[in-house]
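Down below is the structure, laid out as structure tokens.
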């Protein structure tokens, strides 16, 4: 007996849709930079330094944290200098690798801190994630540290007593919030979202 595919069978699943947006992306971006007059004789160096200053910062125009950039080029052969502003207005294009997580994405992070009201994780040893108590399933309970290790509280499973994250401390979570403050991106996660 053969089974015919219906329109529903060919639609991508929710998981496939999530996987179609990778957290790391290589993009070609265009920006307008105001290059300081110090670089009037070498605008390329000025533009390069300005792009360097964006590394490890969340840039809204790029919708992610810039990890690296390359292939800088000027879109116009000349730069503009307006009225009483000595900065060179340059239209540039470049390739950038950005970390661009989105809502509902599944990521993995390493536990860096456990407290009764939240779990802190690091994703890729760099990016901060907070999982508030309300998004930790009920079967997990906080176990305070003993007197010999005051800073080592942990979350354990009520029945098995196994620590959250196992021996290596890695936990898969779902991104439920993104916060940008001072050009730094931090995530809010949930363990209770399927």
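Numbering (my numbering), first residue to last: 138 to 331. No residue lacks a Cβ here, since even glycine has one placed at the ideal position from N, Cα and C. Keep in mind it's a predicted model, so treat the numbers as computed, not measured.
- Judged by their CB atoms, residue 312 and residue 238 are nearer to each other than the 8 Å cut-off.
- For residue 183, the enclosing alpha helix (DSSP H) covers residues 180 to 189.
- Each residue's CA atom was taken as its position, placing residue 260 and residue 306 some 12 Å apart.
- In the displayed model, residue 224 falls within coil according to three-state DSSP, outside both helix and strand.
- Residues 328 of the same chain have their beta carbon placed closer than 6 Å to that of residue 273, with the five preceding and five following residues left out of the count.
- Buried is the label assigned to residue 268, since at least 16 other Cβ atoms lie within 10 Å of its Cβ.
- Within the same chain, Cβ atoms closer than 6 Å to the Cβ of residue 289 are found at 282, the five residues on either side in sequence being excluded.
- Cβ-Cβ distances below 7 Å link residue 188 to 206, 209 and 231 in the same chain, with the five nearest sequence neighbours on each side left out; the list follows chain order.
- Apart from the 5 residues on each side of it in sequence, residue 252 sits with its Cβ closer than 7 Å to the Cβ of 290 in its chain, given in chain order.
- For the beta strand (DSSP E) assignment, the uninterrupted runs of no fewer than 3 residues enclosed by the segment 257 to 323 are, from N- to C-terminal side, 264 to 269, 277 to 280, 291 to 294 and 307 to 318.
- The beta carbons of residue 161 and residue 236 sit closer together than 8 Å.
- Under the three-state reduction of DSSP, residue 198 is assigned to helix.
- Counting along the chain, the unbroken beta strand (DSSP E) around residue 248 starts and ends at 243 to 252.
- Assigned with DSSP and collapsed to three states, residue 212 falls in coil, not helix or strand.
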